[in-house]
Every structure is written in structure tokens, then in C-alpha cells.
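Enquirer: Residue numbering for the sequence shown follows my numbering, beginning at 256 and increasing consecutively.
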Amino acid sequence: MEIIQQQIFDQERALYGSRDLLVKDCSFDGPADGESAFKECSDIQVERCFFNLRYPFWHDHGLKLTGSELTALCRAALWYSDHIEITDTKLHGIKALRECREAVLRGCDVISPEFGWSSRQVRMEDCTAESEYFMMRAEDLQFKNVRMKGKYSFQYIRNAVFDHCDFDTKDAFWHAKNVVVRDSVVKGEYLAWYCEDVTFERCRIIGTQPLCYCKGLKLIDCEMVDTDLAFERSEVEATVTTPVLSIKNPLSGRITVHAVGEIIRDIPQARGEVLVTQTGGPACA
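1. Below 6 Å CB to CB, which residues in the same chain sit around Arg-437 once its five sequence neighbours on both sides are set aside?
2. According to DSSP, is Lys-399 helix, strand or coil?
3. For Pro-537, I'd like the list of residues in its chain whose CB is within less than 8 Å of its CB, leaving aside the five on either flank, ordered along the chain.
4. Is the distance from the Cβ of Lys-350 to the Cβ of Ala-331 below 8 Å?
5. Is the beta carbon of Val-453 less than 8 Å from the beta carbon of Cys-469?
6. Can you tell me whether Ala-287 is buried or exposed, with buried defined as 16 or more other CB within 10 angstroms of its CB?
7. Would you say Pro-505 faces chain B, with C-beta separation under 8 Å as the test?
8. I need the boundaries of the beta strand (DSSP E) containing Phe-455, first residue and last residue.
9. Measure the C-alpha to C-alpha separation of Val-515 and Glu-492 and round it to an integer number of angstroms.
10. Could you tell me the distance, in whole angstroms, from the CA atom of Phe-306 to the CA atom of Glu-387?
11. With a 10 Å radius around its C-beta and 16 neighbouring C-beta atoms as the bar for buried, classify Gln-533 as buried or exposed.
12. In the DSSP assignment, the beta strand (DSSP E) including Lys-294 goes from what residue to what residue?
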């Protein structure tokens, strides 16, 4: 394996088409403002490098990126690439990951609007993220101990599992299919509208008007905080361990809830059962 270390690159396609290369302690920055440093490369290892130029990793196959920094000026860093491992790295440019597959991120700090679009087989562990439209249309996801803040996350995703995560995000999981969220906190408005076959297990759900227009929705021993107008026109099986402010027009299934402030039924199709378990409350409605 060829080793390159302690160099500065700013030219266009500086290492284009490289194979079996280890790059250490280098900087991709400078007045030439060149793009696409590692385009069309394979079996590349990058350690402790600084990236301040656009499009560094496009059409790459086999990439290990460790202890590095990709700045806000490093736009669209990883596109159309596969077999990627990124560890302890800052990904701070817009659209940092798109249409990639088989990517593993560990201990990374992501500040990147439009991150992860149309990517497949992505695993994230012990990461933080700030983003808008995070992971839109992505498939086959595994997230563990990920803290994310932003808006419009996980829209149109397919086949995903989230464990011990903390999401503060508006309009999350819209149109999602075949998703499991376990032991996590999900805070935000209008959670998971139009989703299908989505399950929340032992989660804390916070915010207004969650879980509407859903099919195959399941909640297992979840908490719901400041949630009103929940489950509107949803097909749902739910066990909720806390009071809910209001439930509106569930279409089918059963919602077992500790207490509910108001049950609203103003359409004939709203036939879902609401079972209230608090002592002294109504048995069902």
C-alpha cells in the first residue's frame, strides 16, 4: 500500500483513480480550489486529514476515513460510493452522504442538511447529527445511540431499526415503512404521519398531533407527553403508560392508555377502541 503523509493538495482531482492508498495527516485546501480529490478510487484509507474543498469522495469503492474533519465548505463529500467506514470524524458540509451503500459511521459529528438521501445499508453508532431532511428515502438502516436534532427527518425510509436514540425533530418518519424504534426519545410535532408498519417500543414520544393517518402502527409500553389529537385516522394497536391529552378518530384497533383528557369522534369511520386503565376513569370509549 502506498503511503502519502503530511502534504497539502488543492488541485483538481488530486488523487483521482488511486488504488490501495493510505493518506495521513494531509490537508485538502488551498488557492487552486480543486474539486473531487479522491474521485473513482478504491481501497483508500484516510487518517487525520482536513478537507475544505468540494466533492472529495465520489464513486469510491472501499473507503476508511478516521479522525478527520470535513468543513462546511466540503460540500457533497460522499456520493455514489460503497463499503465505507467513517470513525471519529466531523462531517460538516451540506449533502455529505448521498446514494451510498454499506456505510458504517461510529463516533461521528454530523452537521449536514440533506444528509443520507437515497442511501442503503447505513449503520450509525454513537453519533450526533444536526440536519434537515435527514436520511430521506434511505433503506436498510441500523442506528444505535444516535442523537439527532433538526427537521423533516427519516421521511420515506424503508426497513430500519433504531435503538437507544434521541431525536428532536419535526415531521419525523413521514411515509416510513417497516421501521422499529426501541428505547428512544422522539420529540417533535406531527410524528410519523402516513407511516406503515412502524413500531415504537418503550419510547418516550413528545409533541403535538402524533401518529396520524398510519397503517399497521404499534406502540408497546410507550410514554406520551404533551400529545394531543393523537392517532387521527390511524389503524393502531397501542399500549400507552402515561396520560394523553386527546385522541382523535382512530379508525381501527385498540389504544390502551393510562388516562386521556378527551376522546374525539366526529366521523363515522372512527371505530378504534380506547381503553382507559386509570382507576375511576371510564372503562372504554
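Even for Gly, the Cβ is constructed at its ideal location relative to N, Cα and C.
Expert: Concretely, from the data shown:
1. For the purposes of this step, residue 437 is taken as residue 182 along the sequence shown, with counting starting at 1. So the qualifying residues of the chain are Asp-418 and Glu-456.
2. Residue mapping note: residue 399 aligns to position 144 of the sequence shown, counting from 1. Strand at Lys-399.
3. Taking the first residue of the sequence shown as 1, we reach residue 537 at position 282. Any reading at Pro-537 must be qualified, since the residue scores a pLDDT of 47, below 50, and its modelled position is unreliable; the value itself is stated next. Correct list, in chain order: Val-531.
4. Indexing the sequence shown from 1 puts residue 350 at position 95. Indexing the sequence shown from 1 puts residue 331 at position 76. Cβ atoms of Lys-350 and Ala-331: closer than 8 Å.
5. Here the question's residue 453 lines up with position 198 in the sequence shown. Here the question's residue 469 lines up with position 214 in the sequence shown. Yes, the Cβ-Cβ distance between Val-453 and Cys-469 is below 8 Å.
6. As a position in the sequence shown, residue 287 is number 32, starting the count at 1. By the neighbour-count rule (16 or more Cβ atoms within 10 Å), Ala-287 is not buried but exposed.
7. Structure shown: chain B not included; a single protein chain is present.
8. The count along the sequence shown starts at 1 and reaches residue 455 at position 200. That run of the beta strand (DSSP E) goes 451 to 456.
9. Translated into the one-based positions of the sequence shown, residue 515 becomes position 260. Translated into the one-based positions of the sequence shown, residue 492 becomes position 237. About 16 Å.
10. As a working note, residue 306 is residue 51 in the sequence shown. As a working note, residue 387 is residue 132 in the sequence shown. Going from the Cα of Phe-306 to the Cα of Glu-387 covers about 22 Å.
11. Locating residue 533 in the sequence shown gives position 278, counting from the first residue. Counting Cβ neighbours within 10 Å, Gln-533 comes out exposed, since fewer than 16 surround it.
12. Taking the first residue of the sequence shown as 1, we reach residue 294 at position 39. Premise fails: Lys-294 is in no beta strand (DSSP E) and is neither H nor E.
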